[in-house]
Amino acid sequence: MSSFPARAAAATTVLLLAVPVAVPVLSAFAAWAAPAADVWSHQLQHVLPRAGWNTALLVLLVGVSAGALGTTLAWLVAAHDFPGRRFFGWALLAPLALPGYVMAVVFAGALDFSGPLQTAGRALLGDTWRLPPVRSIGGAALVLTLTLYPYVYMLARVAFESTGARALEAAQSLGLDRRAAFRRVLLPMARPAIAAGIGLVAMETLADFGVVAAFNVDTFTTSIYRAWFGMFSLAAALQMAALLALFALVAAGIERRLRGRRGFASQRSSGGMLQRLRLSPGQGLCAAAAASMVLAVAFVLPLAQLLAWAWQHAAVDLDRRYLGFVLRSVALAASGSIVVVIAAVALGYALRSDRRTWLQSLGRFASVGYALPGTVLAVGLFAPIAAMNGWMQDWLDVRWGDAAPQLALQGTLLTMLLAYLARFLAVGVGPVESGLARIHRNLDEVALSLGARGPARLARVHLPLLRGSLLAAAMLVFVDLMKELPITLMTRPFGFETLAVRVFEMAAEGEWARAALPSVFIVAAGLIPVWLLARRFTHVT
Amino acid sequence: MKRPPLHRLLVGLAIAAAAVASVVPAVAMAESLVVYSARNEQLIKPVFDLYTKETGVDVKFTTADAAVLVTRLAAEGRNSPADILMTVDAGELWNAAERGLLKPVRSPVLERNVPKHLRDPHGRWFGFSQRARTIAYNPRKVDPKSLSTYEALADPAWKGRLCLRTSKKVYNQSLVAMMIKTLGEAQAERVVRGWVANLATDVFANDTALLEAIAAGQCDVGIVNTYYFGRIVRERPDFNARLFWANQGSGGVHVNISGAGVVATSRNSAAAQRFLEWLSEGKAQEFFAASNLEYPTNPRVAKDPLVVSWGPFQPSVINVVEAGRLQAAAVKLMDRAGYR
Chain A
4 MSSFPARAAA ATTVLLLAVP VAVPVLSAFA AWAAPAADVW SHQLQHVLPR
54 AGWNTALLVL LVGVSAGALG TTLAWLVAAH DFPGRRFFGW ALLAPLALPG
104 YVMAVVFAGA LDFSGPLQTA GRALLGDTWR LPPVRSIGGA ALVLTLTLYP
154 YVYMLARVAF ESTGARALEA AQSLGLDRRA AFRRVLLPMA RPAIAAGIGL
204 VAMETLADFG VVAAFNVDTF TTSIYRAWFG MFSLAAALQM AALLALFALV
254 AAGIERRLRG RRGFASQRSS GGMLQRLRLS PGQGLCAAAA ASMVLAVAFV
304 LPLAQLLAWA WQHAAVDLDR RYLGFVLRSV ALAASGSIVV VIAAVALGYA
354 LRSDRRTWLQ SLGRFASVGY ALPGTVLAVG LFAPIAAMNG WMQDWLDVRW
404 GDAAPQLALQ GTLLTMLLAY LARFLAVGVG PVESGLARIH RNLDEVALSL
454 GARGPARLAR VHLPLLRGSL LAAAMLVFVD LMKELPITLM TRPFGFETLA
504 VRVFEMAAEG EWARAALPSV FIVAAGLIPV WLLARRFTHV T
Chain B
3 MKRPPLHRLL VGLAIAAAAV ASVVPAVAMA ESLVVYSARN EQLIKPVFDL
53 YTKETGVDVK FTTADAAVLV TRLAAEGRNS PADILMTVDA GELWNAAERG
103 LLKPVRSPVL ERNVPKHLRD PHGRWFGFSQ RARTIAYNPR KVDPKSLSTY
153 EALADPAWKG RLCLRTSKKV YNQSLVAMMI KTLGEAQAER VVRGWVANLA
203 TDVFANDTAL LEAIAAGQCD VGIVNTYYFG RIVRERPDFN ARLFWANQGS
253 GGVHVNISGA GVVATSRNSA AAQRFLEWLS EGKAQEFFAA SNLEYPTNPR
303 VAKDPLVVSW GPFQPSVINV VEAGRLQAAA VKLMDRAGYR
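Structure (structure tokens):
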């Protein structure tokens with residue numbers, strides 16, 4: 004049983020980390036004090052039935068397909084030897100680096116009636132030939148699956164590689180063949196990781212605006228923007244966002260159940276390398292072909308289109324400022340991911356050492372920011388900080404009069420980092436928690452009996468075992484932050500331009516071809532940590 | 003262990019950087035302006051640079067969606083650093099003015115240069131460029147003589163031949179708001195229902211994709227802002243679509259504005275007004291419109307040659323304030339009519 008100070012420390016940690024997300028979520032709930040009855044009755048009658056159905060269908064479609072694709076690829080790469088395995092091991096993460104809103108525009112353009120595929124198709128197969136409607140739930144689900152499956156792939160792969168060896172050995176010694184061992188032993192063991200990955204995918208799908216807007220699918224999130232931008236009712240928008248947060252919390256509870264009992268944990272996380280099955284030349288070729296196909300559709304072809312567009316406009320748009328854009332983007336993403344990963348470790352560790360129910364629920368709550376539309380979260384956090392800034396300014400003005408310095412806390416890096424924390428904590432917590440779950444509790448007891456407690460135990464026992472998960476978390480957050488737009492846009496200091504802001508500038512006026520240049524830089528910068536991580540993988544696991 | 007110190011160092015650095023950045027106050031220099039702009043950087047920064055060069059006034063700005071900027075202004079209250087709010091449609095200017103976020107300006111210069119229907123009757127905002135939204139058609143499939151008005155596109159003759167952009171875009175919301183103003187709500191709804199019944203395919207996410215669909219023959223006609231057409235034909239002069247000026251002799255082409263107003267809490271409102279006056283005439287006014295192939299609001303200022311080549315048209319002269327006032331009603335109408 005943990006001591007009182009330990010429990011107090013755990014509770015304080017969780018409470019503090021819940022604050023950044025609690026502020027916007029509570030201000031959303033507070034909006035319910037005065038329901039926007041007029042907007043609501045309209046939305047309930049004409050908008051929400053459709054939008055709600057679309058949202059549910061989209062989350063289901065993307066969750067299932069990204070889950071299946073990610074898990075299959077992870078198992079393929081983790082447990083089999085085939086030509087190009089090492090390359091695919093990291094390359095299959097690359098689609099993460101492509102912003103979903105950019106990919107959506109590329110796909111919508113390429114697959115539409117006027118796009119190259121259908122134009123060629125009509126020339127070959129006759130004028131009446133058509134693809135199924137592209138601007139549809141199917142199209143949006145396709146793009147979301149292709150950009151989001153890497154979350155599942157990455158977490159499942161770490162799980163397979165770090166616990167698979169022993170389990171596979173044991174299962175095979177009990178007479179199970181490899182396939183049965185995967186299905187009956189390894190897959191259940193990797194369940195927390197896979198569920199965490201699907202959870203992230205589902206939350207990002209809920210919050211998505213860019214992809215569904217490009218495919219013109221009405222979802223809960225687009226309805227929020229319709230109330231706010233179209234009907235000038237921020238109140239109704241916030242009220243809907245509160246419902247979305249509630250829904251995400253319920254979904255997170257269900258995901259807990261999906262993870263099942265937490266009994267699966269090995270004594271040592273690195274139980275030797277997973278023995279990889281050498282595939283026959285024919286099978287190996289098939290495996291390589293399948294992986295190539297995923298990579299081509301999800302990354303190479305869209306990137307080729309972006310490069311072609313970027314090339315057209317580089318002569319005019321590419322200038323010295325790009326160095327600044329890149330540096331600011333990378334610095335922001337790096338500092339943001341450090342903050343988020345440290346917070347995730349603190350949260351994961353606090354929740355591991357203190358199992359009180361209310362604390363666990365609060366911990367879940369701290370991650371719900373990832374399911375909220377970014378702009379709503381940004382506003383929800385921005386308004387209270389601006390109000391606080393106002394009070395401080397009033398105080399300064401009273402004290403110093405005209406000589407008082409002008410504060411602008413709301414437009415600073417500090418606010419930015421707080422908002423990033425509120426939004427992306429879930430991305431850090433997913434890998435960290437599933438990593439911690441694989442460390443057996445006996446180890447905690449042993450460490451304790453040897454006198455290592457609290458932070459010392461974390462530093463000397465857990466962190467080394469968690470390195471793979473921490474790197475995974477840092478990379479996922481970094482790449483997400485490179486692409487992040489609404490928070491950066493709203494809270495950046497004057498003149499603080501990043502690559503994502505450049506994409507916004509061009510895209511807001513529909514100049515997608517010109518948005519390709521900053522997009523290409525986002526991809527390039529996002530690939531660096533992917534590649535670094537992939538190199539570490541071989542050492543870590 | 004080697005790792006924790008490194009982590010600590012990085013955390014320390016991050017915190018230090020954030021702290022430094024948040025303590026440095028946004029110093030308000032005597033001659034400087036802060037603009038919250040929904041008009042994007044590539045269109046607006048050259049204008050600011052020109053102003054700085056001519057007058058020495060430093061212009062700081064930030065960009066975002068207009069609705070976000072208005073929310074931001076409201077949240078910052080009287081401590082907002084902003085002097086000017088600039089948007090790309092009248093709706094959010096109307097909204098900001100309604101919420102008391104813009105202050106009235108009395109300026110003979112602005113009143114002379116900006117036609118009456120393109121500015122707020124109370125002087126809280128002014129249009130600096132016009133965005134015309136009209137009919138585009140495929141010349142191989144449509145005889146322009148068969149075209150007349152927006153309303154006529156609801157006629158069953160266009161069944162399966164019409165393409166529209168999503169009703170989520172403010173340009174369509176403004177267009178329908180103006181139709182409510184001229185036709186009344188019931189008649190406007192009949193028109194929109196007719197459009198929806200005539201759609202050749204699902205609505206598009208943007209005007210460019212819509213124009214490509216017309217050129218490729220997926221549909222015959224559509225409704226677009228002219229500068230999207232201009233951007234395409236500037237690069238592909240043989241592009242298979244043409245513009246048709248809608249409602250000539252019956253109300254005129256629908257125009258929206260890109261405009262600006264002085265923020266109510268501005269500490270520099272005289273300087274802000276001087277900037278808006280400068281923007282309403284001469285080279286600045288010409289460049290402001292031409293950089294995005296839009297129409298200047300000042301009738302005495304030259305248009306881009308490509309824009310001139312589309313010929314003159316008679317615009318709607320109903321005050322664009324109606325686009326804001328009736329926008330929420332338009333959105334609801336489109337929802338009812340199934341126009342997504």
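Sequence lines, in order, name chains A and B. Quick note: the first sequence uses the working numbering, first residue 4, plus one each step. Quick note: the second sequence uses the working numbering, first residue 3, plus one each step. Using N, Cα and C, we set each Cβ at its ideal position, and we do this for glycine too. Computed from a predicted model, the values in this text were never measured in an experiment.
Pairwise C-beta distances place the stretch 208-225 of chain A in contact with the stretch 106-115 of chain A, as three or more of them are shorter than 8 Å.
Within the stretch 73-109 of chain B, the beta strand (DSSP E) runs of at least 3 residues that lie entirely inside it are, in chain order, 86-89. At a beta-carbon threshold of 8 Å, the residues of chain B lying near Val50 (chain A) are Asp337, ordered along the chain. In this structure, A:Pro521 is the residue among A:Ser68, A:Leu277 and A:Pro521 with its C-alpha nearest to the C-alpha of Ala311 (chain A). With respect to chain A, the C-beta atom of Ala84 (chain B) has no partner C-beta closer than 8 Å. Excluding five sequence positions before and after Val17 (chain A), the CB atoms of its chain that fall closer than 6 Å to its own CB belong to Ala353, Leu362, Leu365 and Gly366, given in chain order. Within the DSSP bridge table, the entry for Leu280 (chain A) names A:His83 as partners.
A distance of 8 Å or more separates the beta carbons of Val319 (chain A) and Ala528 (chain A).
For His465 (chain A), the secondary structure class from DSSP, reduced to helix, strand or coil, is helix.
At a cut-off of 8 Å, the C-beta of Thr150 (chain A) has no neighbouring C-beta in chain B. Identification of chain A residues near Gln175 (chain B) by a Cβ-Cβ cut-off of 8 Å yields Gly233, ordered along the chain. Gln329 (chain B) has a beta carbon lying within less than 8 Å of a beta carbon in chain A. Of the candidates B:Met181, B:Ala77 and B:Ile137, the residue whose Cα lies closest to the Cα of Thr228 (chain B) is B:Ile137. In terms of Cα proximity to Ser34 (chain B), the closest of B:Asn42, B:Ile320 and B:Val59 is B:Val59. Annotation: the continuous beta strand (DSSP E) that includes Lys62 (chain B) extends over Asp60 to Thr65. Bridge partners of Phe128 (chain B) according to DSSP: B:Arg121 and B:Ala262. Here the alpha carbons of Ala202 (chain B) and Asn115 (chain B) stand approximately 42 Å from one another. Taking 8 Å as the upper bound for CB-CB distance, Leu104 (chain B) and Gly263 (chain B) are in contact here, some 4 Å apart.
Between the alpha carbons of Leu304 (chain A) and Leu120 (chain A) lies a distance of about 13 Å. Shown here, Phe246 (chain B) sits in a strand according to DSSP, grouped into three states. Secondary structure note for Val322 (chain B): it is in no beta strand (DSSP E), with a DSSP letter that is neither H nor E. Per DSSP, the beta bridge partners of Asn227 (chain B) are B:Arg135. For chain B, the residues of the stretch 206-229 of chain A that bring a beta carbon within less than 8 Å of one of its beta carbons are Ala216, Ala217, Phe218, Asn219, Asp221, Thr225, Tyr228 and Arg229, in chain order. Under DSSP, Cys289 (chain A) shares a beta bridge with no residue. If you check each beta-carbon in the stretch 195-223 of chain B against every beta-carbon of chain A, the ones closer than 8 Å belong to Thr203, Asp204, Val205, Phe206, Ala207, Asn208, Asp209, Thr210, Ala211, Glu214, Ala215, Ala217, Ala218 and Gln220. Ranked by Cα distance from Arg186 (chain A), the options A:Ser176, A:Thr225 and A:Leu171 are led by A:Leu171.
The CB of Ala111 (chain A) comes closer than 8 Å to the CB of Ala207 and Ala211 in chain B, given here in chain order. For Tyr38 (chain B), the enclosing beta strand (DSSP E) stretches over residues Ser34 to Ser39. Here the alpha carbons of Phe385 (chain A) and Ala251 (chain A) stand approximately 22 Å from one another. In this structure Ala40 (chain B) touches Thr89 (chain B) by the C-beta definition: roughly 4 Å separates them, less than 8 Å.
The alpha-carbon of Gln242 (chain A) is positioned some 18 Å away from that of Arg53 (chain A).
Partner residues in the beta bridge of His256 (chain B), as assigned by DSSP, are B:Arg135.
Contacts between Thr122 (chain A) and chain B, judged by CB atoms closer than 9 Å, involve Ala218 in chain order. Burial of Trp93 (chain A) is indicated by the presence of at least 16 other C-beta atoms within 10 angstroms of its C-beta. In the three-state reduction of the DSSP assignment, Arg269 (chain B) falls in the coil class, being assigned neither a helical nor a strand state.
For Tyr341 (chain B), the CB contacts under 6 Å within the same chain, skipping 5 residues up- and downstream, are Ser169, Val194 and Val198 in chain order.
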